[in-house]
Amino acid sequence: MTTEYPKLYFEDVDLGDEIGPVVLSVSDEQVVDFCSLWGNPAPNRFTDQAEAERVGLEGPIVPGIMTMALVSRVLTDWAGAETVADLDLVFRGSVPHNEPLHMGIQISDTSEDDTGNMVQCDITMTNPAADRRYLIGTAMLNLPSRDAA
Amino acid sequence: MTTYLDLHCHSVASDDSRATVLQYLKWINVLRKRGFTIDGIVLTEHRKFDYDIDYSQLAAEYGVLVLKGAELDTCFGHMLVYNVTKGLGKDIDFGDVKMDGRDLIQAAKHHGGIVVPAHPGRFGIGLVEYMEQGVEFPDLAIVERVNAGSKPEENERAETLCDNGGYLGTAGSDAHLASHIGRAVTEFKATVRTEPELVEALMSGEFRPIYIEETAAATIG
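For the record, the sequence lines run as chains A and B.
All residue numbers for the first sequence refer to the numbering used here, where the first residue is 1 and numbers rise by one.
All residue numbers for the second sequence refer to the numbering used here, where the first residue is 1001 and numbers rise by one.
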């Protein structure tokens, strides 16, 4: 699932640039594995239909922190390890298992200051038709400069 | 002169937004480089209004009109208020999420403002839900017909409301991210430069809701 990108520098990005398209999918097995590692073993609302319905969900959902981890990995695949300075996501709907998850990532701001070469990305995750929004948010990346390379 | 305004957006002054006003203005210049036309925005922060904050210098720097309104919670859904005055702020508690929307409509009118229900087709919380329960809004003439943050079926309900109820319709992005600003705009036949002029333009009925893509034709023409 990992996409190979060339090393990214601050000078390579510009306001309005888009990353992707990136399409993710999370299987039942991946959620079970995540919950096991996380210390929340199945069955629970993330893995089991009956448990999900018991708490008012239509079906099992992808845990929020797993979704954040996936988003973070997309960003580090693109920008490189240790570039994500901040990730701020607002969930607008439950993220389903086994469905295509379309991520939109756009560069919404760039700045150079004492903290580094900062790039802000707007992030959305939707269904393929983009009429179901699962999350919106922003990430702040600190990219290396070619001048320092 | 035609004016294109995004009548519904939120800066970080709203708790669920992640965009600053500066980022919106930068993004509008991205849209302009892509061939779209947008003259300005109206900030409609949730449940509040800052009388003191002044964006005129920033607006001039980026060549984008920045007006201020509010999006208030009412017992009949969210309502956009344009030309907020201190008098209105004295009569209405902006933080009262259960206020009667009909009182807000009356109070805004009394103080020279105007109320436009936001995303009226939204399931569970939109104005259409309450109209279907028999609630009447005799002083209402305009609703938000196109909300770029709504689901297609929710905008279809708003369109049906306008077409069957005879309401005029506005458009706005409902942006909470910088890259979402301007996705839908209201095209006014008149020049709009201030909040009172915005109310005048809305009262005139000489406007229509459009998606940003439609403004590309305006640029070419």
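From the three backbone atoms N, C-alpha and C, an ideal C-beta is built for every residue, glycine too.
As the structure is a computational prediction, the values presented were derived from the model and not from experiment.
- Annotation for D14/A: I107 place their beta carbon closer than 7 Å to its own, counting only its chain and skipping 5 residues before and after.
- Listed along the chain, the chain A residues whose CB falls inside 9 Å of the CB of L1177/B are Q106, S108, D122, I123, T124, I136, G137, T138.
- Contact check for P1196/B against T1170/B fails: the beta carbons are separated by 9 Å or more.
- Less than 9 Å separates the beta-carbon of H102/A from that of M125/A.
- For Y1024/B, no beta strand (DSSP E) run applies; the uninterrupted alpha helix (DSSP H) run containing it begins and ends at 1021-1033, by DSSP.
- As computed with DSSP, L135/A is found in a beta bridge with F91/A, M125/A.
- Distance between T1002/B and D1174/B, taken at the CA atoms: about 22 Å.
- Out of D122/A, L141/A, G16/A, the CA that lies nearest to the CA of G104/A is found in D122/A.
- Among the residues facing chain A, G1172/B is not included, as its CB has no counterpart in that chain under 9 Å away.
- Here E112/A is exposed. Its C-beta has fewer than 16 other C-beta atoms within 10 Å.
- Look at V90/A: its C-beta is under 9 Å from a C-beta on chain B.
- Residue environment analysis places F1076/B among the buried positions, since at least 16 neighbouring C-beta atoms fall within 10 angstroms of its C-beta.
- Note that the C-beta distance between V1084/B and I1028/B is not below 9 Å.
- CA-CA distance, N142/A to F10/A, rounds to 8 Å.
- Going by DSSP, M1001/B is part of no alpha helix (DSSP H) at all; its letter is neither H nor E.
- Scanning chain B for C-beta atoms nearer than 7 Å to the C-beta of G16/A yields V1030, reported in chain order.
- Within the region 1125-1155 of chain B, contact with chain A at the beta-carbon level (separation under 9 Å) is assigned to G1149, K1151, P1152, E1153.
- Approximately 18 Å separates the beta-carbon atoms of A139/A and V62/A; this is outside 8 Å, ruling out the contact.
- Bridge pairing for A1178/B: absent [DSSP].
- One alpha carbon belongs to V1199/B, the other to K1098/B, and they sit about 25 Å apart.
- The three-state secondary structure of A1108/B, taken from DSSP, is helix.
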